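Here is the structure we will look at, set down as structure tokens.
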Amino acid sequence: MVKIDVRGLSCPEPVLLTLDALDDYNNEEIVVLGDEAHTRKNIEVTLNQYNIKYTVTNLEKEFEIKFNV
Amino acid sequence: MNIFNSKLFLALSGVIVGLLAISLALFGNPANMAICVACFIRDTAGALKLHSAETVQYARPEIMGFVLGSFIISLLTKEFKATAGSSPLVRFVLGFIIMIGALIFLGCPLRLIIRMSSGDLNAYVGLVGFVLGIFTGSFFLKKGFSLGRAYEVNSSNGYILPAIMVIILILSLFTSLLAVSQKGPGSAHAPILVSLLVAIIFGAIAQKNRICFAGSFRDIILIKNFNLISIIGGLFVTLLVYNLATSNFNLSFSNQPIAHAQHLWNFLGLYAVGFAAVLAGGCPLRQLILAGQGSTDSAITFLGMLIGAAFAHNFGLASSAASADSLGGPSLNGKITLVLSILILFVIAIVNCKKRKLGGAK
Numbered sequence: 787m788v789k790i791d792v793r794g795l796s797c798p799e800p801v802l803l804t805l806d807a808l809d810d811y812n813n814e815e816i817v818v819l820g821d822e823a824h825t826r827k828n829i830e831v832t833l834n835q836y837n838i839k840y841t842v843t844n845l846e847k848e849f850e851i852k853f854n855v
Numbered sequence: 299m300n301i302f303n304s305k306l307f308l309a310l311s312g313v314i315v316g317l318l319a320i321s322l323a324l325f326g327n328p329a330n331m332a333i334c335v336a337c338f339i340r341d342t343a344g345a346l347k348l349h350s351a352e353t354v355q356y357a358r359p360e361i362m363g364f365v366l367g368s369f370i371i372s373l374l375t376k377e378f379k380a381t382a383g384s385s386p387l388v389r390f391v392l393g394f395i396i397m398i399g400a401l402i403f404l405g406c407p408l409r410l411i412i413r414m415s416s417g418d419l420n421a422y423v424g425l426v427g428f429v430l431g432i433f434t435g436s437f438f439l440k441k442g443f444s445l446g447r448a449y450e451v452n453s454s455n456g457y458i459l460p461a462i463m464v465i466i467l468i469l470s471l472f473t474s475l476l477a478v479s480q481k482g483p484g485s486a487h488a489p490i491l492v493s494l495l496v497a498i499i500f501g502a503i504a505q506k507n508r509i510c511f512a513g514s515f516r517d518i519i520l521i522k523n524f525n526l527i528s529i530i531g532g533l534f535v536t537l538l539v540y541n542l543a544t545s546n547f548n549l550s551f552s553n554q555p556i557a558h559a560q561h562l563w564n565f566l567g568l569y570a571v572g573f574a575a576v577l578a579g580g581c582p583l584r585q586l587i588l589a590g591q592g593s594t595d596s597a598i599t600f601l602g603m604l605i606g607a608a609f610a611h612n613f614g615l616a617s618s619a620a621s622a623d624s625l626g627g628p629s630l631n632g633k634i635t636l637v638l639s640i641l642i643l644f645v646i647a648i649v650n651c652k653k654r655k656l657g658g659a660k
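Here is the structure:
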């Protein structure tokens, strides 16, 4: 499992880091840890764009988006 | 897919935002400015006597409304979160430069769209600069540009800017402490409560839909995503239809209200705005919205814009509009400042680049 911490980063860095993960890894479970609602939305939109299935877990004040590449 | 993320829905929200802008112009805001964020921060700086340009002093309730609209909706949706610590002083400088660029072009990206929709060809020159500036910023983002993380801080930090906005509003409603233009653009305004209400709705929509003029083009360049541009498209078409229907469309470089035809400086002004806005993570409107939902870093960017506006008028850096006896455009000081500002943007972009590391280990 690879964990990517995008907490507190400005747009569009969280999305760019997520895209980097798509490029850099194969057969891995990726977990993106973030904390802003707009970041979650941006990452979801991007994963939808690439037809990648993901699950979102809401933690207290934070969220995790999991997907496999 | 969630309907709220669909391009049609986003375009419709652009239509609503366009109608809100039109309503403010009808109620008395300067036509062709309607709801320009940079112009209105500049007017507010004037009202606070940070500069004394007599024609552009008025505490614009729209600025307060944008922040408060975002503040209120983010509290209601529990998206409000006070954060701080992502290179605040760099953001101050970026805000300052955004304002210098905007006041040399004579408009923020929102007014760029408004001017384009009324046929102002100078705005199209500015658009080219804006998009190239966004390209430049995006290039550095790809190279690993980052201003670092913001961290959660005590909620009270996030209440400060909304509170300041409420205080300015109260001063403007109930006292004569603040300066108010008797002539010029600053004297043209909708009734305070109308401006406030419209801007609160506008701010709430902008918060929900992440409206960002710099982000719209940046997302296309970096991630080929057309969601945000759909909003701008809806806004542009609405304003265009309105201008055509009311004979306010004048396809020309000349005879445009509060504009000049110095192409190089229109281009470079918005080049600086696009570049700086991408580095700061959003256009002037977006900065106000982020500040409303608790980002004190964006509040600092706003302060940079406010002080930038004061400098622009105190030191004659802002462009003058073309008139019957003048071509208008920036002064020599304005030109020098803008060129230096662009150089500073390159320095900021270069020194804040490092190879992007994925946040965790395998």
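So the protein lines, in turn, are chains U and H. All residue numbers for the first sequence refer to the numbering used here, where the first residue is 787 and numbers rise by one. All residue numbers for the second sequence refer to the numbering used here, where the first residue is 299 and numbers rise by one. From the three backbone atoms N, C-alpha and C, an ideal C-beta is built for every residue, glycine too. As the structure is a computational prediction, the values presented were derived from the model and not from experiment.
Taking the CB atoms as reference points, tell me whether residue i and residue j lie closer together than 9 Å.
i: H:Ile-490; j: H:Leu-476; result: no
i: H:Ile-361; j: H:Phe-338; result: yes
i: H:Gly-363; j: H:Leu-495; result: yes
i: H:Arg-447; j: U:Gly-794; result: yes
i: H:Ile-395; j: H:Ala-608; result: no
i: H:Ala-620; j: H:Ala-557; result: yes
i: U:Asp-811; j: U:Val-855; result: A small fix is needed here, since residue 811 of chain U is Tyr in this sequence, not Asp. Result yes, Cβ atoms of U:Tyr-811 and U:Val-855 sit closer than 9 Å.
i: H:Ala-336; j: H:Gly-344; result: no
i: H:Gly-312; j: H:Ala-502; result: no
i: H:Thr-381; j: H:Tyr-457; result: no
i: H:Ile-527; j: H:Phe-515; result: yes
i: H:Gly-579; j: H:Leu-387; result: no
i: H:Val-365; j: H:Leu-604; result: no
i: H:Pro-407; j: H:Leu-577; result: no
i: H:Asn-452; j: U:Gln-835; result: no
i: H:Gly-431; j: H:Ala-421; result: no
i: H:Gly-572; j: H:Ala-504; result: no
i: H:Val-492; j: H:Leu-566; result: no
i: H:Leu-549; j: H:Leu-419; result: yes
i: H:Gly-606; j: H:Asn-631; result: no
If you follow the alpha helix (DSSP H) that residue i is in, where does it begin and where does it stop?
i: H:Val-335; result: 335–345
i: H:Asp-595; result: 594–612
i: H:Leu-324; result: 305–324
i: U:Ile-816; result: Looking at the DSSP string, U:Ile-816 is not in any alpha helix (DSSP H); the run it does join, the beta strand (DSSP E), is 815–820.
i: H:Glu-377; result: First-last for H:Glu-377: undefined, no H or E at that position.
i: H:Phe-428; result: 419–440
i: U:Asp-809; result: 799–810
i: H:Arg-516; result: 511–521
i: H:Gly-532; result: 525–543
i: H:Val-478; result: Unbroken run through H:Val-478: none, as it is neither H nor E.
i: U:Gln-835; result: 823–835
Put residue i into one of helix, strand or coil per three-state DSSP.
i: H:Ala-351; result: coil
i: U:Asn-854; result: strand
i: H:Met-299; result: For H:Met-299, the predicted structure reports a pLDDT of 49, less than 50, and the residue's modelled location is therefore unreliable. A value from the coordinates is still provided. Note: H:Met-299 maps to coil in three-state DSSP.
i: U:Ile-790; result: strand
i: H:Gly-405; result: coil
i: H:Ala-659; result: Bear in mind that a pLDDT of 40 at H:Ala-659, under 50, signals an unreliable position, so the number given afterwards is only what the model happens to contain. If DSSP states are grouped into helix, strand and coil, H:Ala-659 belongs with coil.
i: H:Val-492; result: helix
i: H:Phe-364; result: helix
i: H:Glu-450; result: strand
i: H:Ala-620; result: coil
i: H:Phe-547; result: coil
i: H:Ala-382; result: strand
i: H:Ile-646; result: helix
i: H:Gly-580; result: coil
i: H:Gly-627; result: strand
Can you check which of these residues, the options, is closest to residue i by C-alpha distance?
i: H:Phe-438; options: U:Pro-798, U:Val-788 and U:Val-792; result: U:Pro-798
i: H:Phe-428; options: H:Ala-608, H:Gly-632, H:Cys-581 and H:Leu-641; result: H:Cys-581
i: H:Asn-330; options: H:Gly-417, H:Gly-344, H:Gly-626 and H:Ile-398; result: H:Gly-417
i: H:Ser-593; options: H:Leu-459, H:His-349, H:Val-645 and H:Pro-483; result: H:Leu-459
i: H:Tyr-356; options: H:Ala-488, H:Val-391, H:Leu-568 and H:Cys-406; result: H:Ala-488
i: U:Val-801; options: U:Glu-814, U:Gly-820, U:Leu-845 and U:Lys-839; result: U:Gly-820
i: U:Glu-850; options: U:Thr-832, U:Asn-813, U:Asp-809 and U:Val-818; result: U:Val-818
i: H:Phe-390; options: H:Arg-358, H:Phe-600 and H:Leu-566; result: H:Phe-600
i: H:Asn-564; options: H:Ala-400, H:Ala-380 and H:Phe-443; result: H:Ala-400
i: H:Gly-482; options: H:Leu-308, H:Cys-510, H:Val-354 and H:Leu-638; result: H:Val-354
i: H:Asn-650; options: H:Val-492, H:Thr-473, H:Val-423 and H:Ser-384; result: H:Ser-384
i: H:Ile-398; options: H:Arg-654, H:Ile-412, H:Ile-640 and H:Val-464; result: H:Ile-640
i: H:Gly-393; options: H:Gly-316, H:Phe-613 and H:Ala-575; result: H:Ala-575
i: H:Leu-324; options: H:Asn-541, H:Leu-404, H:Gly-627 and H:Gln-505; result: H:Asn-541
i: H:Ile-250; options: H:Lys-441, H:Ile-370, H:Leu-537 and H:Leu-625; result: Because chain H in this structure spans residues 299 to 660, residue 250 of chain H falls outside the shown range and cannot be described.
i: H:Glu-377; options: U:Asn-837, U:Ile-838 and U:Lys-827; result: U:Lys-827
i: H:Ser-304; options: U:Ala-807, U:Glu-830 and U:Glu-848; result: U:Glu-830
i: H:Gly-531; options: H:Asn-548, H:Ile-509, H:Lys-653 and H:Ala-559; result: H:Ile-509
i: H:Pro-628; options: H:His-611, H:Ile-642, H:Phe-644 and H:Leu-643; result: H:His-611
Please report the residue range of the beta strand (DSSP E) in which residue i lies.
i: U:Thr-841; result: 840–844
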